[in-house]
Amino acid sequence: MTEPVPSRLPAPTVSPSVAPTTDSHLVLESLTKDFGQQAVLKGIDLSVRRGGTTAIVGPSGSGKTTLLRIIAGFEAPTTGSLALNGEKVAGPGAWVPAHRRQIGYVAQDGALFPHLSVGQNIAFSLRHLPRAQRRERVAELMTMVRLDPDYARRRPHEISGGQQQRVAIARALAHEPQLMLLDEPFSALDAGLRVATRRSVAEVLKEAGVTTILVTHDQAEALSFADQVAIMRAGKLAQVGNPFVVYTRPADRATAEFLGDAVILDAWLEGSLATCSLGAIPVRRPPAQGKVVVMLRPEQIRITEDGPIRGTVLDTDYFGPETTVRLLLPEGGEVISIRHWNAAIARPGTELRLRVVGEAVAFPSA
940 MTEPVPSRLP APTVSPSVAP TTDSHLVLES LTKDFGQQAV LKGIDLSVRR
990 GGTTAIVGPS GSGKTTLLRI IAGFEAPTTG SLALNGEKVA GPGAWVPAHR
1040 RQIGYVAQDG ALFPHLSVGQ NIAFSLRHLP RAQRRERVAE LMTMVRLDPD
1090 YARRRPHEIS GGQQQRVAIA RALAHEPQLM LLDEPFSALD AGLRVATRRS
1140 VAEVLKEAGV TTILVTHDQA EALSFADQVA IMRAGKLAQV GNPFVVYTRP
1190 ADRATAEFLG DAVILDAWLE GSLATCSLGA IPVRRPPAQG KVVVMLRPEQ
1240 IRITEDGPIR GTVLDTDYFG PETTVRLLLP EGGEVISIRH WNAAIARPGT
1290 ELRLRVVGEA VAFPSA
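In this note's numbering, the protein residues as written are 940 to 1305.
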């Protein structure tokens, strides 16, 4: 049965994160950071909505952690400014130290004190409270992060990696921060535990109403965790927007290929229709006319009995719930990779019928 072609996707919108608003909790303007002669950050403009979740995602060396350290107050920017709740905390003539910014920070490994129990770790910033209030607050925080109260007496090495990260979150929440910074906190966990811990932490922070910034190199993590995604490349923000927009309407080819698997094909664009090896594909807001390259996500190319495009299977990679299928297109001889749930129908040498669903994104041809 032919799958219905969905209506056109909404056009990209300008992210409200770029321009400060009265609801902005954090605002970065023209932020730069140099280490000696090396420019690490090259003019960062970003606005984070109060109570929202922003993921800063980029490859190693792109400047993500440096940016997080400047927000935390561990580093000072070379130029530009940073404001929290409308108050400038870094920039020309302004500097508020880290301990006065009401910011919680969770490192990649949690950085728990190994000689202290779980309860003592969580209570570390509560030493000013009477003992009874301290115990009550620790129990409240453990309930908030979904940890059994009995774990309070255990040492960090006696609990799992995911539980350790939840202890680190509870410790960071103990002094009631307004902004939480997460520096790749899930990367050391195995795949199944990483997903469960990420979901649990996201729910906890949302319930607490804490504005959150996650730094990660994991694209899927960024897209699933945040309501705003900032793509960082070579010290600059290449694109900022909600996860749907940055994934389906990337600003450029490099962003498209970084955020996930992409099918890139040479095409000829006339009006809003691009002709390529997969036939004529509609394009929203074409950037140019004539020779271009078009981008489709693999899930947009479906195997159907009556598909107008033919492709011959070259090989497959089996991943359990889905199989990546490499196909040779007879028109132009280009090779593409798509995904399908049924590995049995995609044997090498088999000819399959294909149909493109939705619109492509076009970029000017190099």
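Beta carbons: idealized from backbone N, C-alpha and C, even for Gly. None of the values given here were measured: they were computed from a predicted structure.
(request) Only counting runs of 3 or more residues, tell me where the beta strand (DSSP E) segments fall wholly within the segment 1204-1277, in order along the chain. (result) Runs of the beta strand (DSSP E) inside the segment 1204-1277: 1212-1215, 1218-1221, 1229-1235, 1240-1242, 1248-1257 and 1262-1267.
(request) Determine the extent of the alpha helix (DSSP H) in which residue 1061 is found, giving its start and end residues. (result) 1057-1061
(request) Tell me whether residue 1116 counts as near the ligand NAP, meaning its Cβ is closer than 7 Å to at least one heavy atom of that ligand. (result) The ligand NAP is not part of this structure, which contains no ligands at all.
(request) Out of 1014, 1117 and 992, point me to the one whose CA is closest to residue 1024's CA. (result) Of 1014, 1117 and 992, the residue nearest in Cα terms is 1117.
(message) Buried or exposed for residue 1303, going by 16 or more other Cβ atoms inside 10 Å?
(response) Residue 1303 counts as exposed, since fewer than 16 other C-beta atoms from the protein chains shown sit within 10 angstroms of its C-beta.
(request) Answer with buried or exposed for residue 1160, where buried requires no fewer than 16 other C-beta atoms within 10 angstroms of its C-beta. (result) By the neighbour-count rule (16 or more Cβ atoms within 10 Å), residue 1160 is buried.
(message) With H, G and I counted as helix, E and B as strand and the rest as coil, what does DSSP make of residue 1095?
(response) helix
(request) Only counting runs of 3 or more residues, tell me where the beta strand (DSSP E) segments fall wholly within the segment 1075-1161, in order along the chain. (result) 1118-1122 and 1150-1155
(request) Classify residue 1294 as buried or exposed, calling it buried when 16 or more other Cβ atoms lie within 10 Å of its own Cβ. (result) buried
(message) Starting from residue 1183, trace the alpha helix (DSSP H) in both directions and tell me its first and last residue.
(response) 1182-1187
(request) Within its chain, find whatever has a CB closer than 6 Å to the CB of residue 1275; leave out the 5 residues flanking it on each side and keep chain order. (result) These residues qualify, in order along the chain: 1202 and 1266.
(request) Find the nearest neighbour of residue 1003 within the set 1177, 1287, 1132 and 1147, judged by alpha-carbon distance. (result) 1177
(request) Compare the C-alpha of residue 1122 against each of 1235, 995 and 1253 and name the closest. (result) 995
(request) Just mark residue 1281 as buried or exposed, buried being the case when its beta carbon has 16 or more other beta carbons within 10 Å. (result) exposed
(message) According to DSSP, is residue 1201 part of a helix, a strand, or is it coil?
(response) DSSP places residue 1201 outside both helix and strand once states are collapsed to three, so it counts as coil.
(message) Taking 8 Å as the threshold (C-beta atoms), are residue 1249 and residue 1290 in contact?
(response) Their beta carbons are under 8 Å apart, which means residue 1290 touches residue 1249 by this criterion.
(message) For residue 1065, list the residues DSSP reports as bridge partners.
(response) Residue 1065 is not bridged to any residue.
(message) Output needed for residue 964: all residues of its chain with C-beta closer than 8 Å, excluding positions within five of it in sequence on either side, in chain order.
(response) Taken in chain order, the residues that qualify are 987, 988, 989, 990, 991, 1023, 1024, 1117, 1118 and 1150.
(message) Measuring straight from C-alpha to C-alpha, what distance separates residue 982 and residue 1145?
(response) If you take the alpha carbons of residue 982 and residue 1145, they lie about 30 Å apart.
(request) Could you check which residue in 1140, 1112, 1192 and 1114 has the C-alpha nearest to that of residue 1125? (result) 1140
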